[in-house]
Structures are given as C-alpha cells and as structure tokens.
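For what it's worth, our numbering labels the leading residue of the sequence shown as 10, then goes sequentially. One structure below.
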Amino acid sequence: MKTMKIAIYIMLASFLSGMASCGSEDSINPIPELGNPPFDLPRGEEGSLEELIYSVYEKYGSFVLYDFDQTEFYTTWNGRTVYWYAPVKSGNKDHVAQMVTFMLEKVFAGYPEAFIAKFLPKKIYLVDSICNTSSYNKSNLVNTLVTNNHGLAVSNVGVKMETFTNSDWDAMNTGIVTAIMSNIYNTMTVPDEFFALVTYQFIYMFDEEEDADPEGEFDAYHYVLYTNGFVGSNAFLEYGYFMPHKDGDDLGDYLSFLMSTPKSEMDRIFARFDIVKQRAFLIADFMVKEMEMDPVALQNSFCPNDPLPAGYFDKE
C-alpha cells in the first residue's frame with residue numbers, strides 16, 4: 010500500500026508540473042462601460058461568422074473578438090498589463106466559428122442563461138496562443154486567461170483544434186467556466202462558514218469495497234466525495250483517488266450544483282449528506298444576497314421537468 014501511495018504522489022507531481030475585428034444601423038456600437046474599444050459588431054449575413062458572434066452579444070451581452078488591435082487587449086482601467094500572445098492566424102475563420110459554437114453549445118449552455126449573461130466577461134478575446142507572462146515561455150502557455158479589462162482570453166484557436174481530443178475540449182470548458190466563477194469569488198464576499206465546514210486534503214483515496222455506500226445508493230467515489238462535503242473534484246477514478254476543488258473552484262462547483270441539479274437528485278443527496286446540505290444552503294443565501302440572483306428560479310429554468318418549489322432554501 011505504501012508503494013502504491015508513493016506511485017500516486019509521483020503521478021500527481023508529474024501531472025501538476027505539466028499543467029500548464031470584428032457598421033451599419035444594424036450594428037451594435039461599444040458601450041462606454043467597456044472602455045470604448047475601437048470596433049463595431051455587425052449583424053452579418055445568415056450563417057456567417059459575424060452573425061454567430063453577434064448572437065453571443067445578443068444573448069449574453071459579451072463581445073467576441075478575434076481580430077483586434079493589441080492596444081485594445083493591453084489597455085486596462087488601472088494602467089497596463091502586458092501578456093505575450095499570438096493572434097489568430099489569417100484564414101482561420103472556420104476555427105473561430107468552431108470555438109464560438111463550442112462556447113455557445115457546450116460551455117454556456119451548461120448554465121442558466123441569466124447566470125451567464127450576468128457573469129460572463131464582457132470581452133472574449135480569441136487568440137492562437139497566450140502566456141500568463143509578458144514574454145514567451147512554453148511552460149507559461151495557458152488555455153484561458155482572465156484579463157484586467159473585464160475580459161477573457163481563449164487560446165488555441167486555429168489548426169491545433171483539428172487534433173483536439175475530448176480531454177482537450179474538457180480542459181477548454183473548465184478554463185472558461187473557471188474564469189466565470191473566479192470573477193464571482195474574487196469580487197464578492199463568500200461566507201467563511203462555507204469553507205470552514207470542510208477539510209481540504211491534497212487527495213482523498215477511496216476503494217470500491219472498503220468505501221462502499223452501506224445503503225448501496227451511491228458509488229464509492231460519490232459517497233466519499235459527498236461525505237467530505239464536496240460536489241466536484243479532479244477525479245482519477247481508475248486510480249481510486251480525487252483532488253478536491255478549493256476556493257473559487259469549490260464555490261463554482263456548488264453554484265453549478267444548485268443551478269443544474271434536478272429536485273429529486275438534490276433531495277436524495279441532502280437526505281444522506283447533511284454537510285452538503287449545509288454548504289448548499291449557505292451558497293443559496295449567498296446567491297440571493299451577494300449575487301442578487303434567485304437560485305430557485307435559475308434551477309427552474311434549467312430543470313423545468315424537475316423544478317424546486319418556491320422557498321426550497323428557506324431556513325428550517
């Protein structure tokens with residue numbers, strides 16, 4: 010067993026070290042709050058890339074940019090922050106359209122529309138590649154990057170997408186969602202009790218037999234996950250362990266859980282795992298008071314066939 014644990018930690022160490030534009034009277038002009046960027050947003054012809062990009066603004070109020078002046082990318086309200094990046098190469102409009110479609114159909118569609126519209130960064134920069142530093146270094150290349158001008162940079166837009174695996178697309182999804190959730194975590198006061206209720210170990214081990222749910226309702230992974238108060242993690246099921254999410258990612262897991270879980274499933278989890286119920290109720294209250302959003306209404310919009318009743322999160 011000791012040898013197995015050492016092997017797992019070696020794998021974890023290797024894993025962590027590797028983690029590494031777009032007028033007419035039908036156009037929308039930039040709104041002043043966005044720093045008056047030098048671009049228009051045409052509606053475009055039916056089926057065009059411009060129409061696709063316009064639909065993001067129309068639905069969520071955010072601008073998708075793939076051909077922009079570098080001063081627009083660098084300028085912030087509080088000075089200048091410079092990141093090394095390579096713009097989308099010419100002739101890659103099909104890849105731009107593919108990435109925008111991915112965001113619309115896979116990323117944003119996973120959450121209630123009102124939630125994405127309120128918290129999605131107002132500028133989404135599509136680039137070929139980007140570093141989280143001012144000069145190029147291969148180890149500093151990232152999939153996504155939150156900028157200081159209320160924006161989000163999304164990289165790998167180009168021929169690289171042609172060889173994307175499912176795990177590559179999952180990583181892009183996670184990066185975009187994390188950017189949205191980190192904006193909430195970094196700008197709002199999350200109740201301390203939410204974090205104090207759990208212990209953030211580096212990894213949690215589980216065994217299908219030793220950690221089996223005594224009632225046979227949940228698999229070993231979810232039984233250990235919920236028992237420890239989490240609803241999401243980086244899970245390595247074939248190796249029998251998971252890495253719990255912390256801080257903004259932990260908050261994001263609970264926001265997603267509250268908005269997208271059918272009532273019957275939520276009832277089932279709350280009945281067995283009081284710590285999950287306590288944390289969920291704290292975040293439901295946080296959504297009302299800090300985020301100024303109704304968790305029940307959001308869940309109802311996303312789970313119309315199994316909605317929560319009004320007052321579901323009222324304190325008992």
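C-beta atoms are modelled at their ideal positions from N, C-alpha and C, and glycine is treated no differently.
Taken in chain order, the complete beta strand (DSSP E) segments of 3 or more residues contained in the region 127-151 are 132-139. Y235 and F227 do touch by the CB rule: their CB atoms are close to 7 Å apart, below 8 Å. Unbroken beta strand (DSSP E) stretches of 3 residues or longer found wholly inside the region 250-276: 250-253, given in chain order.
The residue from Y230, Q210, I212, T270 with its alpha-carbon nearest to that of E219 is Y230. Contact between the region 206-223 and the region 317-325 is absent: fewer than three C-beta pairs spanning the two stretches fall below 8 Å.
For the 9 Å CB-CB criterion, D315 and K272 form a contact. Look at V166 here: in three-state DSSP terms it is coil, with no helix or strand label. When C-beta atoms of the region 104-112 are compared with those of the region 168-181, three or more pairs fall below 8 Å, so the two segments count as touching. For N243, the uninterrupted beta strand (DSSP E) run begins and ends at 242-245, by DSSP.
Counting every other CB atom within 10 Å of its CB across the protein chains shown gives A289 a total of 16 or more, marking it as buried.
Annotated three-state conformation of Y194 is helix, per DSSP.
Using a Cβ distance threshold of 9 Å, G241 and N182 do not count as a contacting pair. When Cβ pairs closer than 8 Å are counted between the two stretches, the region 277-295 is seen not to touch the region 125-137, the count staying below three. In the DSSP annotation of this structure, T236 is not part of any beta strand (DSSP E); the continuous alpha helix (DSSP H) holding it starts and ends at 229-236.
Judged by beta-carbon spacing, P200 lies within the 9 Å limit of F295, meaning their Cβ atoms are closer than that value. Distance from F128 to M268 at the Cβ level is roughly 12 Å; contact not present, criterion being Cβ atoms closer than 8 Å. P318 is positioned such that its CB atom lies closer than 9 Å to that of V305.
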